[in-house]
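Just so we're aligned: the first sequence equals residues 148 to 844 in our numbering. Even glycine gets a Cβ: it sits at the ideal position worked out from N, Cα and C. Note sheet for the following structure.
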Amino acid sequence: MGGNYRLRQLHSSCPIPTINFKSAKPKISYSSKKTSTSQNNKKLQNFSTTDSDIVKWNIAITTHMRNGLCESALRVFNSMSRRSSNAFVDEAREIFDKMPLKNGISWNGLLAAYVQNGRIEDAKRLFESKMDWTLVSWNCLMGGFVRKRRLLDARSVFDRMPVRDEISWNTIITGYAQNGEMEEARRLFEESPIQDVFAWTAMVSGYVQNGKLDEARSIFDRMPEKNSVSWNAMIAGYVQCKRMDMARELFEEMPSRDASSWNTMITGYAQSGYIAHARNLFDNMPQRDSISWSAMIAGYSQNGCSEEALHFFVEMQRDCERLNRSSFTCALSTCSSIAALELGKQLHCRLVKAGYQTGCYVGNALLAMYCKCGSIDEARDAFQEILEKDVVSWNTMIHGYARHGFGEEALTVFELMKTTGIRPDDATMVSVLAACSHAGLVDQGSEYFYSMNRDYGITAKLVHYTCMVDLLGRAGQLEEAQNLMKNMPFEPDAATWGALLGASRIHGNTELGEKAAQIIFEMEPHNSGMYILLSKLYAASGRWSDAGKMRLEMRNKGVKKVPGYSWLEVQNKIHTFKVGDTSHPHTDKIYTFLEEMDLKLKQEGYISSTKMVFHDVEEEEKVHMLKYHSEKLAVAYGILYIPAGRPIRVIKNLRVCEDCHNAIKYISKIVGRLIILRDNHRFHYFEGGSCSCRDFW
DNA sequence: ATAGGGTTAG
């Protein structure tokens, strides 16, 4: 959508001439404003084939045509079609159809433009529209199918080819190798008349990607004349298996290292948790490229060092390295993990400027960020902006809706997904079942569960059974839930019992809840979530002292809270909550928050807060209660103090003192009326409503 | 037109 928009803007500022080819000498008529010949000729002088502006290409072509220089126009077109970006492919096609003169290069160029932009169906249609294609075209089409993992189609192209060169062989070998069919890849490799370095490397890489390190190494060792790509493929293999010692050995041993070698090692160290090693390599490498930067941003982010990740994002620009899709993606992902909505929005603005928001990876990260921050409307918009939605896009949107209590919407998206030809995977079904659970749609959920194998070939895993236990349990069918647990082909794990415990809590079955909790404690003695759930179970049935005991026991056993879920993680849209709707995940979190606080205060010897009744209270009253409890928490921790009568949202300039770090690592953000506290000590201060990263820009 | 490095959800 963004691309089209940009195109429209370009059109309106600079009209594209249309050509009438019917007359012998091409005449040009203009869609709107008239541009003089001399003006166009002047523009042609400034035209360069490195130009990314489609309008300039069009002018170049039409000016040549007007001057009767069909050959020149053809040359321009052929250069253009080969490098068309997705937004311009249709433009290229339009001109292509009007060209009076086409040669093999034009046809190939258009075909390649389709293939490169993932439009394999268009490529196929074009290919079928004529007979005499060159070898390059055959190879190109086959490569397109391989990239789309459509092996059968690729093979049929390969079999139908009139002649084959080594590229044809290598392409089909790569196809099998990258799709786990190493036997066939090997057969073709041996059958191939020419085994060049591409073929050898494709085999090494194939074994690596299929986790067969020994086979990869044996091919690698037997390989004549290796180049750096081969070395890098082998190093990547060790990196994947977290064998950094072996990777390092090869890295030191290889005759000449290129940027890829360094980047592979950096990523390897970062993903194995050795972020300092990664940094060391990054600092010492001879020439960093944009991928090195992205790798570092991702590395810091994945190791919980959000601030450093964002610093690197900023530093990257200072180093004159242009921000690319990948760096945006990583930075957005970082924002997700710390629920930094304001910063995320700033990034959103910037990537719209860069025209990146329609990309799949970036779009998915943006969508996830909005979901994580509870901005479901913005999430939906981001979702719609993604041009080629993949399974992750759909899963994230469905999960986002389900998680925020919009079960019906989640299912609507799922129905839509089915019509697009993107196959739902097991993660999709988890979200779909969760959506049914939240919407109370037991029958529909069961239908999905029992038909997912038939419809999509997805075998139910334990996690799906756990969803079903949750679905039945939430709907009050505790008997059925237990029966399912007895009869399912897996042993229930702590999460399954947790679903039963949660259901018991909602429906006030203390006995069953206790039983489930007992089993969970045996399985996972340090599972903090279960202590909390059991405590909530007691609290729900009014057994406050038992609830308190659970908390104490948890503390005495030295159970650590799950990082990232410290105390409260609520989103910023409290006004959308339905009061008393216990199925709403936010309501759940508010309960947790208030109960935790209440107990904490009691344990710390503060005057007990009032018993919380959230059902049927007015919005205003709810806010008041939240404010009341927040104040108590503030006093208890000495972190912040809210003067009586002031709404919470006016709190600003919080500073977390050293003493509080053990209890709550820091306060990350204040959004609206709610406080988000997070277990992370990276940021030391914040201003209300925005995080300190704003200073970066 | 073929081989290697970074990025997305849970």
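Inclusion of I413 and F429 in the CB contact set at 8 Å is warranted, their separation being smaller than that value. With contacts defined by Cβ atoms closer than 8 Å, G547 and A526 form a contacting pair.
No Cβ-Cβ contact shorter than 8 Å links Q449 with A501. With respect to N379, S403 sits apart: the two C-beta atoms are not nearer than 8 Å. Between H458 and F194, the alpha-carbon positions lie close to 39 Å from each other. Linking D693 to Y685 through their CA atoms gives a straight-line distance of about 6 Å. Annotated three-state conformation of M401 is coil, per DSSP. For Y508, the uninterrupted alpha helix (DSSP H) run begins and ends at 507 to 519, by DSSP. Annotation: L558 to C583 spans about 8 Å, alpha carbon to alpha carbon. Cβ neighbours of M370 within its own chain (closer than 6 Å, five residues either side excluded): W347. Rounded to whole angstroms, E396 and Y503 show a C-alpha spacing of 38 Å. In terms of Cβ geometry, I267 and G291 form a close pair [threshold 8 Å]. Spatial neighbours of Q356 in its own chain (CB-CB distance under 7 Å, excluding positions within 5 residues in sequence) are listed in chain order as Q325.
One alpha carbon belongs to G215, the other to L221, and they sit about 11 Å apart. A check of alpha carbon separations from D361 across R390, K295, N233 identifies R390 as the nearest. Going by DSSP, D528 is part of the alpha helix (DSSP H) stretching over 523 to 532. Taking the CA atoms as reference points, K373 sits about 35 Å from W254.
Around the beta carbon of G604, fewer than 16 other beta carbons sit within 10 angstroms, so the residue counts as exposed.
With 16 or more other Cβ atoms inside 10 Å of its own Cβ, D269 counts as buried. Looking from the CA of G420, the closest CA among E400, M443, N431 belongs to M443. The alpha-carbon separation between K271 and D300 amounts to approximately 10 Å. Around the C-beta of Q434, fewer than 16 other C-beta atoms lie within 10 Å, and the residue is accordingly described as exposed. Annotated as distal: N656 and L619, with beta-carbon spacing of 8 Å or more. Selection K519, G587, V376, M697 evaluated against H673 yields M697 as nearest (Cα-Cα). Short of 8 Å from the beta carbon of Q464, and not among the five residues preceding or following it, lie these beta carbons of its own chain, in chain order: L470. Residues M308 of the same chain have their beta carbon placed closer than 6 Å to that of W285, with the five preceding and five following residues left out of the count. Judged by DSSP secondary structure, H458 falls within the alpha helix (DSSP H) whose first and last residues are 453 to 465. A586 places its beta carbon 8 Å or farther from that of R621. Our two residues, G353 and V344, have alpha carbons roughly 14 Å apart in a direct line. Beta-carbon to beta-carbon, N264 and N233 are separated by about 4 Å, close enough to satisfy the 8 Å threshold.
S375 has its alpha-carbon roughly 7 Å from the corresponding atom of D405. Cβ-Cβ separation between S578 and I545: approximately 4 Å, consistent with a contact (criterion under 8 Å).
With fewer than 16 other Cβ atoms from the protein chains shown falling within 10 Å of its own Cβ, I341 counts as exposed. Considering only F561, S339, C496, the residue with the shortest C-alpha distance to A549 is F561. A direct Cα-to-Cα measurement between T209 and M278 gives close to 29 Å.
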